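Encoded as structure tokens, the structure appears first; notes follow it.
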Amino acid sequence: MPLIIKKPSVYISALKQESKEPLHIGLSFGGTITDAQASELVDLARAIRQSKRDIKFFWIRFNEGDDSVFSAFNSFGRELVGASTIS
Numbered sequence: 004m005p006l007i008i009k010k011p012s013v014y015i016s017a018l019k020q021e022s023k024e025p026l027h028i029g030l031s032f033g034g035t036i037t038d039a040q041a042s043e044l045v046d047l048a049r050a051i052r053q054s055k056r057d058i059k060f061f062w063i064r065f066n067e068g069d070d071s072v073f074s075a076f077n078s079f080g081r082e083l084v085g086a087s088t089i090s
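Shown next as structure tokens:
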């Protein structure tokens with residue numbers, strides 16, 4: 004069964020698992036993103052880039068928010084560059 008949640012920490016641990024089943028990843032950005040949350044998103048992007056586990060669906064939702072949302076997404080995207088497991 005696909006894993007569909009919104010907490011980056013759960014995706015990070017799932018990416019480390021030895022499984023042939025592809026992941027479904029969903030992220031929701033909105034409101035104010037704290038430095039700790041932004042750091043966790045960067046950790047998730049790094050885990051995606053380094054993982055060999057396939058990601059079948061990857062969705063991102065934007066809600067109303069402040070500049071911290073754009074800053075966090077920018078950092079997330081920079082760390083994600085080069086990921087080859089997202090199909």
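Residue numbers (my numbering): 4 to 90. By construction, the Cβ of each residue, glycine as well, lies at the ideal position given by its N, Cα and C atoms. For clarity, every value in this text was computed on a predicted model and none was experimentally measured.
Sub-9 Å separation of residue i and residue j beta-carbons
i: G85; j: R52; result: yes
i: K59; j: P25; result: yes
i: F65; j: F76; result: yes
i: I36; j: V72; result: yes
i: D69; j: G34; result: yes
i: L18; j: A50; result: yes
Chain-order list of residues whose beta-carbon lies under 7 Å from that of residue i (same chain, five-residue window excluded)
i: F61; result: I28, I89
i: V45; result: S78, F79, E82
i: E43; result: P11, S12
i: E21; result: none
i: S54; result: L18, T88
i: K23; result: none
Residues bridged to residue i (per DSSP)
i: I63; result: L30
i: G68; result: G34
Spatial neighbours of residue i in its chain, beta-carbon cut-off 6 Å, leaving aside the 5 residues before and after
i: V13; result: none
i: A48; result: F79, E82, L83
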